[in-house]
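Student: Before I ask anything, let me first share the structure, which is written out below as structure tokens.
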Amino acid sequence: MKTIVGIACTARAITEGHEVSVFFAASGTRVLEPSFIEELDREMGADSKAVTEMMQVITSNATLYCSFASVKATLGHNEGDGALIVPDDKIKWSGPPGVIELSSASEIQLVY
Numbered sequence: 001m002k003t004i005v006g007i008a009c010t011a012r013a014i015t016e017g018h019e020v021s022v023f024f025a026a027s028g029t030r031v032l033e034p035s036f037i038e039e040l041d042r043e044m045g046a047d048s049k050a051v052t053e054m055m056q057v058i059t060s061n062a063t064l065y066c067s068f069a070s071v072k073a074t075l076g077h078n079e080g081d082g083a084l085i086v087p088d089d090k091i092k093w094s095g096p097p098g099v100i101e102l103s104s105a106s107e108i109q110l111v112y
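Here the sequence shown is numbered in the working numbering, starting from 1 and rising by one per residue.
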């Protein structure tokens, strides 16, 4: 449920007009996998698409950062295999330097 709260807060910030960047790393990369999003939808209700819809808001409007090493270690996917809910070319691939740059440049950070 904690994952859904983070997704909901992020989507809400976007719909309220805030400029949002999201860095997916470690187990957080699971939210980029279609089957995990489906699992979260089921947690919301049998026919719910709430999490899918919130992730569509996020992936369409936020600047996305991700650790490819985390995707490989957590999900077992290789770069360019098209396994994520967003195309590889829509993600800024980075590691710790990207996290530091992003957090240093932002006024507010939410961590889920």
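Just so it is clear, CB atoms sit at the ideal spot from N, CA and C, and this is done for glycine as well.
Note that the coordinates shown come from a computational prediction; the quantities given were computed from them, not determined experimentally.
#1: Tell me the rounded alpha-carbon separation between Glu38 and Thr52.
#2: Based on DSSP bridge pairs, tell me the residues matched to Ile91.
#3: Where does the unbroken alpha helix (DSSP H) through Ser103 begin, and where does it stop?
#4: What did DSSP end up calling Val71 once you bin it into helix, strand or coil?
#5: Measuring CB to CB, does Thr3 end up less than 8 Å from Leu75?
Tutor: Looking at the coordinates:
#1: Glu38 and Thr52 have their alpha carbons spaced roughly 7 Å apart.
#2: Paired residue(s): Leu64.
#3: Following the DSSP letters along the chain, one finds Ser103 inside the alpha helix (DSSP H) bounded by residues Pro96 to Ala105.
#4: Taken through DSSP and simplified to helix, strand or coil, Val71 comes out as helix.
#5: No, they are not a contact pair.
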